[in-house]
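What follows is a single structure, written as structure tokens, with notes after it.
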Amino acid sequence: MTSPLVEARGLVKRFGDFTAVDGIDFDVRPGEAFGFLGPNGAGKSSTMRMIGAVSPPSEGSISVLGMDPVADGPKIRARLGVVPQDDNLDQELSVYENLLIYGRYFGLPKKVVDERIDELLAFAQLEERRTSRVEPLSGGMKRRLIIARGLVNQPDLLLLDEPTTGLDPQARHLLWDRLYRLKLEGVTLIITTHYMDEAEQLCDRLVIMDRGKIVAEGSPRELIEAHSTKEVLELRFPVGEQAEALPRLDGLGTRVEELPDRVLVYTDDADVTAATVYDRGLHPEGVVSRRSSLEDVFLRLTGRTLVD
Amino acid sequence: MATRSLRVTEAGARVYRRTWRASVISTFLNPVLFLLAMGVSLGTLVDDGGGSATIDIPYLTFLAPGLLAATAMQTGAGDASYPVMAGIKWRRTYHATLATPISVADLVVGRLGWVTIRLLFVTGVYAAVMTLFGATTPLEAALAVPPAVLTGAAMAAMTTAYTANLKSEQGLSALFRFAVLPLFLFSGTFFPISQLPDYLEPLAFATPLFHGVSLCRGLALDDVAFEVSPAWSVAYLVVFAAIGTVLSIRVMRRRLVT
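Printed below as a string of structure tokens:
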């Protein structure tokens, strides 16, 4: 097997008294889409910045593309594409100028950058915006431009920090499609997200982070199989009746989880379980049966939901 | 590192190509207005006055090289304050730059390189206006340009360090109110510092603009002596610029590479 592109052992990041990343180990293999899933504040962005060679680790070791980010920062960054969480495009400049200046930072000849910009604008569906200023572009367009910018040096490894946060569903699906194409082209992706559907769609393998620690690791399917049931029955009761109904759900499925607005019953056959609920004389307002998701895994492992 | 700094300088030029319109009016208008008001109008009064004026050349001629240095200082402070704050905090473009092979040192040095080029342009225009006003000959004006650029670059380096350390923009207005404006008024631009109360003279002597003004005036005007040995002034400004650069790198690294 080829050696990992990123290898972290006992990685720690502290800011003063606060420990953002608390001793994590992970490997990212060439060609895979690797995810960090966790709620805000779990330490995902801090980890990404360490991989991106812009944040020295407080403890532990990390190697990126076989090099040490502290000693070889410029060499590593030359082969990385970085898509940050917040928009740091130059709003005053045009779409083209943003890409050109960024490409020149990598020392690419202007002619090469110009050729790549044509391809990247097509890839990001921004051809008609080439000469527009960045500021008035929509959120989805800016995101695609940032991704295009991150690809200008044809990176071996693309880091995406919360790539679709704040986008509408249509814009998200377009972006996922673009990222999927990159993966097919062999670009290694590292993605942080607090959306479980995003992690399930994009990631071959992921780690779940909570409070600076990795709590589970595997493919989305492995994680669901290991930590959840096949199906979930979601029950919504009329306001005020949930507490009363709860004891009567005892023994249903393999586990019952109470959330503020609904009750989740973990089971291998949601339809059978639903029938039992009605047999016990309960009349929930809403009944939804669905497959287990990473959200359920997260809930199981941490006792909390991903998005508050 | 040198080539990577140049890429940052180049980026500055590319951004300027898009945004020069905002500054070009002030670049041309500033020298015209100042030389007209202070040099010509006030200068006529000074020259006609039979008082105890200690200069024996036309006031316009005395003033022009000093104003050149003062303008360079203001330009240096301006270019190293709000734009730097924007790069760090408002637009966060420095974060984007540092995700590329560019390091903090490349960024700081490259940006100061671009400010220096802009200073050449601004002081060049100023020198041309000085000549048009008949304040100096073209040669005299040209001689004053290099020390003015050095003054501006030194100020830009120190201002970058100051700005990179600021949490909020209030510190920027304080910079102009409590540092740049007093320097502008009391560093020998408008009158020799010997006119200052004795206890203030050493203070003026310690400012970068005093040395810039002394160099510009002494180099450009045969009839005016350097206030202090020009070698000392050059050394002062070079050291000021070097300390500013090193501090900028340190402060910005602490701020951006965390």
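Residue numbers (my numbering), protein chains in the order written: chain R, 276 to 583; chain F, 606 to 863. Glycine included, each C-beta is placed from N, C-alpha and C at the ideal position.
Asked	Found
Under a three-way DSSP split, which group does Glu410(R) fall into?	coil
Assuming Thr884(F) contacts Ala682(F) under a Cβ cut-off of 8 Å, what Cβ separation, rounded to an integer in Å, is found between them?	Since the first residue shown for chain F is 606 and the last is 863, residue 884(F) is missing from the structure and cannot be characterised.
Given that Gln366(R) touches chain F, what residues does it touch there, using C-beta distances under 7 Å?	Arg696
Put Arg480(R) into one of helix, strand or coil per three-state DSSP.	strand
Tell me, please, whether the stretch 672-681 of chain F touches the stretch 748-757 of chain F by the rule of three or more beta-carbon pairs shorter than 8 Å.	yes
At the level of alpha carbons, what is the spacing between Ser336(R) and Met342(R)?	11 Å
Within the chosen definition, does the stretch 531-544 of chain R reach the stretch 482-502 of chain R through at least 3 CB pairs nearer than 8 Å?	no
Kindly list, in the order they appear in chain F, the residues whose Cβ is closer than 7 Å to that of Phe573(R).	Ordered by position in chain F, no residue passes the 7 Å Cβ test against Phe573(R), which lies about 28 Å from the chain.
Which residue wins for smallest C-alpha separation from Ser819(F), given the options Trp837(F), Phe738(F), Thr705(F)?	Trp837(F)
Give the C-beta separation of Leu435(R) and Ile483(R) to the nearest angstrom, bearing in mind that I take them to be a contact with Cβ-Cβ under 8 Å.	About 17 Å separates the two Cβ atoms, so there is no contact after all.
What do you reckon, are the CB atoms on Val427(R) and Gly356(R) nearer than 9 Å?	yes
Based on DSSP bridge pairs, tell me the residues matched to Ile351(R).	None; Ile351(R) has no bridge partner.
Between the Cα of Tyr371(R) and those of Phe573(R), Arg405(R), Ala328(R), Pro359(R), spot the shortest distance and give me the residue it belongs to.	Arg405(R)
Can you tell me which of Leu748(F), Thr742(F), Asp803(F), Gly648(F) puts its alpha carbon nearest to the alpha carbon of Tyr728(F)?	In the sequence on display, residue 728(F) carries Thr and not Tyr. Answer by Cα proximity: Leu748(F).
Name the residue from Val345(R), Val409(R), Glu307(R) whose alpha carbon lies nearest to the alpha carbon of Glu367(R).	Val409(R)
Does the distance from the CB of Arg565(R) to the CB of Glu509(R) come in under 9 Å?	yes
Do you know how far the Cα of Arg696(F) is from the Cα of Ala618(F)?	18 Å
Tell me where the alpha helix (DSSP H) around Asp393(R) begins and ends.	385-398
Using Cβ-Cβ distances below 8 Å, what residues of the stretch 374-386 of chain R are close to chain F?	Leu375, Ile376, Tyr377, Arg379, Tyr380, Phe381, Gly382
Find the nearest neighbour of Ile376(R) within the set Thr850(F), Leu611(F), Ala746(F), judged by alpha-carbon distance.	Leu611(F)
Excluding the 5 residues flanking Ala268(R) on each side, which residues of the same chain have their C-beta closer than 6 Å to its C-beta?	What the structure shows of chain R is the stretch from 276 to 583, and residue 268(R) is not part of that stretch, so it cannot be assessed.
Between the stretch 808-818 of chain F and the stretch 698-715 of chain F, do three or more beta carbon pairs fall short of 8 Å?	no
Just checking: is the beta-carbon of Val689(F) within a distance shorter than 9 Å of some beta-carbon in chain R?	no
In chain F, which residues lie with their C-beta within 7 Å of the C-beta of Ala346(R)?	Chain F residues near Ala346(R): none, gap ~12 Å exceeds 7 Å.
At what residues does the alpha helix (DSSP H) containing Glu403(R) begin and finish?	Per DSSP, Glu403(R) belongs to no alpha helix (DSSP H) and is neither H nor E.
Mapping DSSP to helix, strand and coil, what is Met606(F)?	coil
Can you name, in chain order, every residue of its own chain whose Cβ lies under 8 Å from the Cβ of Gly671(F), other than the five neighbours on each side?	Gly793, Thr794, Phe795, Val818, Cys821, Arg822
Assuming Ile489(R) is part of the beta strand (DSSP E), what are its boundary residues?	488-493
What span of residues does the beta strand (DSSP E) with Ser708(F) cover, start to end?	Per DSSP, Ser708(F) belongs to no beta strand (DSSP E) and is neither H nor E.
For Thr614(F) and Leu744(F), I'd like the C-alpha separation in whole angstroms.	29 Å
In the DSSP output, what is Leu435(R) paired with across the bridge?	Val358(R), Ile466(R)
Within this structure, are the beta carbons of Ala518(R) and His502(R) separated by less than 9 Å?	no
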